[in-house]
Amino acid sequence: MWNSVFQALLSVVFLGQCFAAVTWKTTGCDGWSYEFDNTHTDIDAIWDNAVLMATNAQLQIQVIPSTTSGLTNVNARRALANMKLLFGASTNILQVPDSAGRAIIGFVNTAGLTLGTFPGNIVGNVWQAKVTTENGVIVYLVLRFTASAGYPQPCTESSNDSYAGKTFTGTQFLPGLQGQSLVITEFVGIILCPKQGHGVKILPTLAQGFTHDDQYASKIYSTAGTLVHEMVYVVGRSRATQWDDPAIGFDKCVSMARKAQAAALINQDNYRIFAELSMSPQTKWVAKPGKKSEAATS
């Protein structure tokens with residue numbers, strides 16, 4: 153599965169098997185950037201870095217030989233070590249999706265969402281985004297998890313409820329024209345809030361071949377990696393598979409891979425971490441005992 157998921161992120165057909173059709177689309181991103189250490193990184197750079205992570209992860213998987221006799225190359229040995237670290241020992245688990253899914257990725261700044269109503273609204277005051285499509289049609293996107301009365305603006309929740317990223321079910325409303333009925337469509341969306349992460353410093357991106365101060369990856373978090381985490385969740389949902397976040401953070405994910413491989417194979421953060429570590433394939437990452445701070449995702 154871990155192999156096929158990264159391939160699905162890259163829209164690559166694996167061994168002739170058809171993957172779920174996930175259409176990625178950004179909305180509300182114009183002028184958005186993530187400020188970190190007085191440097192602004194726009195959504196295109198974060199998106200490109202997430203794609204590079206998925207690509208590197210796939211390349212790492214490809215260098216792992218099918219037999220131990222092929223482990224003469226140091227890169228192959230490290231790739232296998234990282235794979236075992238995050239996914240356990242087996243490498244022959246693949247699943248084929250049985251349903252199609254669509255995703256709209258929403259990156260929100262303070263002006264990205266408004267609280268209020270819109271023409272034909274049947275749900276009352278809600279946090280929603282007004283979007284003009286390529287055809288010039290105005291639609292309204294509603295985030296269902298904000299539907300309760302008094303819910304704060306997304307990305308401004310209290311520290312106990314904050315998240316660096318969230319996958320959610322939303323509703324798209326197309327107001328009827330010239331007597332036509334309101335058109336309602338469901339979608340799966342992703343929202344990123346990189347400045348929220350329970351005190352963890354979240355980098356915008358990770359450079360190719362980055363180095364770290366030690367072999368422990370507990371403190372490595374990036375917005376691009378968070379995007380990979382949420383994209384994996386969307387791909388999993390498009391496969392009619394119940395993905396969840398029982399483990400978040402390097403140490404917990406490594407422990408899960410060691411004790412419950414089946415759970416690790418459907419845990420998004422294992423994929424996020426593997427993809428981020430694949431940006432530094434020359435490093436041999438190892439587990440470190442002890443609990444670390446973790447950036448919340450869902």
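Per our numbering, the sequence shown runs over residues 153 to 450. The beta-carbon is built from N, C-alpha and C at its ideal position, and this holds for glycine as well.
Rounded Cβ spacing between residue i and residue j (contact assumed at less than 8 angstroms)
i: residue 297; j: residue 270; result: Residue 297 to residue 270, Cβ: 19 angstroms. No contact.
i: residue 414; j: residue 422; result: 12 angstroms between Cβ atoms; not a contact.
i: residue 278; j: residue 294; result: 5 angstroms
i: residue 230; j: residue 371; result: So it is not a contact: roughly 20 angstroms between Cβ atoms.
i: residue 380; j: residue 205; result: 5 angstroms
i: residue 325; j: residue 291; result: 7 angstroms
i: residue 344; j: residue 308; result: Incorrect: roughly 14 angstroms between the Cβ atoms, too far for contact.
i: residue 433; j: residue 227; result: 6 angstroms
Below-8 angstroms beta-carbon distance, residue i vs any chain C residue
i: residue 406; result: Here chain C cannot be found, since the structure has a single protein chain.
Residues sharing a beta bridge with residue i, DSSP
i: residue 294; result: 280 and 323
i: residue 192; result: 187
i: residue 452; result: The structure shown does not extend to residue 452, since the chain is modelled only from 153 to 450, so the question has no answer here.
i: residue 335; result: 326
i: residue 355; result: 374
Three-way DSSP call (helix, strand, coil) for residue i in this model
i: residue 236; result: helix
i: residue 185; result: strand
i: residue 426; result: helix
i: residue 286; result: coil
i: residue 347; result: coil
i: residue 94; result: Within the shown structure, residues of the chain are numbered from 153 to 450, placing residue 94 beyond reach of any answer.
i: residue 302; result: coil
i: residue 244; result: Low confidence applies here, because residue 244 scores a pLDDT of 40, under 50, leaving its location unreliable; read the following figure in that light. Three-state result, residue 244: coil.
i: residue 381; result: helix
i: residue 388; result: helix
i: residue 405; result: helix
Selected residue, minimal CA-CA separation from residue i, among the options
i: residue 181; options: 199, 188 and 353; result: 199
i: residue 354; options: 327, 376, 212 and 439; result: 376
i: residue 286; options: 268, 407, 178 and 192; result: 178
i: residue 397; options: 409, 306, 419 and 186; result: 419
i: residue 304; options: 268, 363, 176 and 362; result: 268
i: residue 465; options: 399, 438 and 272; result: Absent from the model: residue 465. The displayed extent of the chain is 153 to 450, so no value can be given.
i: residue 340; options: 382, 312 and 364; result: 382
i: residue 429; options: 238, 226 and 214; result: 238
i: residue 315; options: 387, 195 and 306; result: 306
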